[in-house]
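Participant: Mind looking over this structure? Questions follow.
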Amino acid sequence: MIAAIDVGLKRIGTAISPDGKTAIPQNPILRKNRDQAAREVDAFLKEWGVKTLVVGLPKGGSSEAEMQRRIRHFVGLLEFGGDIVFVDESFSSKEAAEMMRGVTRQRRDGKLDSVAAQLILERYLDSKRL
1 MIAAIDVGLK RIGTAISPDG KTAIPQNPIL RKNRDQAARE VDAFLKEWGV KTLVVGLPKG
61 GSSEAEMQRR IRHFVGLLEF GGDIVFVDES FSSKEAAEMM RGVTRQRRDG KLDSVAAQLI
121 LERYLDSKRL
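Under my numbering, the sequence shown has 94 at position 94, and the numbering climbs by one with no breaks.
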């Protein structure tokens, strides 16, 4: 099982790929603090039997270095023992917003974050097919 997370300051989007071909968004994890979020991500990974975790990292932008540092630190808090792969998440949130325009209101429920995680996972899966 492969999973992806889109780590944000307030929410963590999640997606899984049960077959290595398709990516399915899951319920987002709402962040109260780092430790609580790491525990919930660990529980998510264990629940699905994840062997590979794909993590979106921002490339470009004024806060790229700071966000990469925060994301890598967060991933370091996980007790996950499988493979961790970092992929470029550039524009995934913007793309997710475009995909969901008209489908759902842009609420702060995290659905958008999980669609972004789905896109990150799809990029990873596509790169494996090349």
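Glycine included, C-beta positions come from ideal geometry on N, C-alpha and C.
(1) How about residue 35 and residue 78: are their beta carbons less than 8 Å apart?
(2) Give me, in chain order, the residues of the same chain whose beta-carbon lies closer than 7 Å to that of residue 48; leave out the 5 immediate sequence neighbours on both sides.
(3) As a quick exercise: from 54, 58 and 69, pick the residue whose alpha carbon is nearest that of residue 122.
(4) Keeping to the same chain, check which residues put their C-beta closer than 7 Å to that of residue 125; ignore five residues upstream and five downstream.
(5) Leaving out five residues before and five after residue 72 in sequence, what residues of the same chain have Cβ atoms less than 7 Å from its Cβ?
(6) Between the Cα of residue 40 and those of 127, 58 and 80, spot the shortest distance and give me the residue it belongs to.
(7) For residue 39, name the three-state secondary structure that DSSP assigns.
(8) If residue 82 and residue 51 are in contact, beta carbons under 8 Å, what's the gap, nearest whole angstrom?
(9) Between the C-alpha atoms of residue 31 and residue 66, what's the straight-line distance to the nearest angstrom?
(10) Counting along the chain, where does the alpha helix (DSSP H) carrying residue 13 start and finish?
(11) Would residue 58 pass as a contact of residue 114 if the rule is Cβ separation under 8 Å?
(12) Whole angstroms are fine: how far does the CA of residue 87 sit from the CA of residue 120?
(13) Helix, strand or coil for residue 45 per DSSP?
Facilitator: The answer reads as follows:
(1) One-based indexing of the sequence shown puts residue 35 at position 35. One-based indexing of the sequence shown puts residue 78 at position 78. It is not a contact, given that the beta carbons lie outside the stated cut-off.
(2) What you label residue 48 is simply residue 48 of the sequence shown in a count that begins at 1. The residues are 1, 3 and 16.
(3) Against the sequence shown, residue 122 aligns to sequence position 122. Taking only the C-alpha atoms, the option nearest residue 122 is 54.
(4) What you label residue 125 is simply residue 125 of the sequence shown in a count that begins at 1. Contacts found: 17, 20, 21 and 23.
(5) Your numbering for residue 72 matches position 72 in the sequence shown. Cβ neighbours of residue 72 within its own chain (closer than 7 Å, five residues either side excluded): none.
(6) For the purposes of this step, residue 40 is taken as the residue at position 40 of the sequence shown. Nearest of 127, 58 and 80 to residue 40, Cα basis: 80.
(7) Residue 39 sits at position 39 when you count from the first residue of the sequence shown. Here residue 39 sits in helix by DSSP.
(8) As a position in the sequence shown, residue 82 is number 82, starting the count at 1. As a position in the sequence shown, residue 51 is number 51, starting the count at 1. With a Cβ gap of about 5 Å, residue 82 and residue 51 count as contacting.
(9) Residue mapping note: residue 31 aligns to position 31 of the sequence shown, counting from 1. Residue mapping note: residue 66 aligns to position 66 of the sequence shown, counting from 1. Their backbone Cα atoms lie some 18 Å apart in a straight line.
(10) Locating residue 13 in the sequence shown gives position 13, where the first residue counts as 1. Where residue 13 is concerned, there is no enclosing alpha helix (DSSP H), although the beta strand (DSSP E) it sits in stretches over 11-17.
(11) Taking the sequence shown and counting its residues from 1, one reaches residue 58 at position 58. Taking the sequence shown and counting its residues from 1, one reaches residue 114 at position 114. No, Cβ-Cβ distance for residue 58 and residue 114 is not below 8 Å.
(12) The residue you call residue 120 lines up with position 120 of the sequence shown. The residue you call residue 87 lines up with position 87 of the sequence shown. Cα to Cα, the separation comes out at about 7 Å.
(13) Sequence index remark: in the sequence shown, residue 45 carries index 45 (1-based). If DSSP states are grouped into helix, strand and coil, residue 45 belongs with the helices.
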